[in-house]
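These notes are about the structure you will find just below.
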Amino acid sequence: MSASFSGLLKPWTPRVFLVRWSRYNPYYLEPEVRKEAYSIPETELSAEEKEQRELKALRPIKAATSSITSSLFDDPDISKFINMMMKHGNKILAREIMTETLEDIKRKQVEKYHKAPTGKKENIECNPNTIFHRALENCKPVVGLASVKKGGRFYQVPIPLSDNRRRFLAMKWLITECRENKHRRTHMYEKLSQELLAASIDEGNVVKKKYELHKMAESNRAYAHYRWW
Numbered sequence: 000m001s002a003s004f005s006g007l008l009k010p011w012t013p014r015v016f017l018v019r020w021s022r023y024n025p026y027y028l029e030p031e032v033r034k035e036a037y038s039i040p041e042t043e044l045s046a047e048e049k050e051q052r053e054l055k056a057l058r059p060i061k062a063a064t065s066s067i068t069s070s071l072f073d074d075p076d077i078s079k080f081i082n083m084m085m086k087h088g089n090k091i092l093a094r095e096i097m098t099e100t101l102e103d104i105k106r107k108q109v110e111k112y113h114k115a116p117t118g119k120k121e122n123i124e125c126n127p128n129t130i131f132h133r134a135l136e137n138c139k140p141v142v143g144l145a146s147v148k149k150g151g152r153f154y155q156v157p158i159p160l161s162d163n164r165r166r167f168l169a170m171k172w173l174i175t176e177c178r179e180n181k182h183r184r185t186h187m188y189e190k191l192s193q194e195l196l197a198a199s200i201d202e203g204n205v206v207k208k209k210y211e212l213h214k215m216a217e218s219n220r221a222y223a224h225y226r227w228w
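Residue numbers (numbering that gives the first Met the number 0): 0 to 228.
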């Protein structure tokens, strides 16, 4: 009797497997944080979705991580940018800098909107989040260079970059450019807003750095076959 009782409790108890970062066994379900998933009526669900909804009433669900949220204002790219800009764990300061940057972009674009003539006002983007994503997209490189050793020499071999690597390089270049631009009377958020506004129209030092990397990859395309050898 005790053995069967322990067998019933076995799927419900969290335990540590060989994978050290997992403390939930496969019996636990993944959390669903999207609010839209709970507002869909049952008549519009597919057979698989109905089964998943029934399972959630019977089986335990994993706890959502601190980075997951159902807020409409959550932006993973901005959160990643804040984490990369953070120094010594001072995330409050990094978040304040990012907030002031978006406010400064909004202020400049609204001022530009009111000064523009009637026919050109519709072409001016005033949403700072849209400008941030556009600038980030313009700064992402397509190819990169990897150092490969062949015959006692190192060659710079052009390689395609993954989406995470492209985003990382764009954010790193933006932050580094603002930190190296040492104007004592210019705050960090002012320099960052200038770089984002310039990059949003495909200008600025970060966009030039991207094109320089593309030119170097183009000049070293003769070594591209070293990726597979």
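Beta carbons are placed, not taken as given, at the ideal position from N, Cα and C, and that holds for glycine.
Annotation for MET170: PHE80 and MET83 place their beta carbon closer than 6 Å to its own, counting only its chain and skipping 5 residues before and after. Here the C-alpha atom of ARG152 lies approximately 26 Å from the C-alpha atom of LYS209.
For the set LYS111, SER192, LYS107 and GLU48, the Cα lying nearest the Cα of LEU173 is the one of SER192.
For ILE96, the closest of GLU202, GLY203, CYS177 and ALA145 by C-alpha to C-alpha distance is CYS177.
DSSP links GLN155 through a beta bridge to SER146. By the criterion of a C-beta distance shorter than 6 Å, TYR222 is surrounded in its chain by TYR154 and VAL156, once the five residues flanking it on both sides are discounted. Rounded to the nearest whole angstrom, the CA to CA distance from PHE72 to HIS213 is 35 Å. DSSP places ILE91 in the helix class (H, G or I) of the three-state scheme. Counting only runs of 4 or more residues that sit fully inside the region 184-221, the alpha helix (DSSP H) segments are 187-199 and 204-218, in chain order. For GLU121, the closest C-alpha among the options PRO75, THR129 and TYR112 is that of TYR112.
Under the three-state reduction of DSSP, ILE67 is assigned to coil, being neither helix nor strand. Assignment of alpha helix (DSSP H) within the region 77-133, counting only whole runs of 4 or more residues, yields 90-114 in chain order. Taken through DSSP and simplified to helix, strand or coil, ILE39 comes out as coil. For GLU31, no alpha helix (DSSP H) encloses it, and the DSSP letter there is neither H nor E.
Sequence-distant partners of THR68 (beyond 5 residues in either direction) whose C-beta falls short of 8 Å from its own C-beta, in its chain, are VAL32. Under the 8 Å Cβ criterion, the region 25-45 does not count as touching the region 126-139, having fewer than three qualifying pairs.
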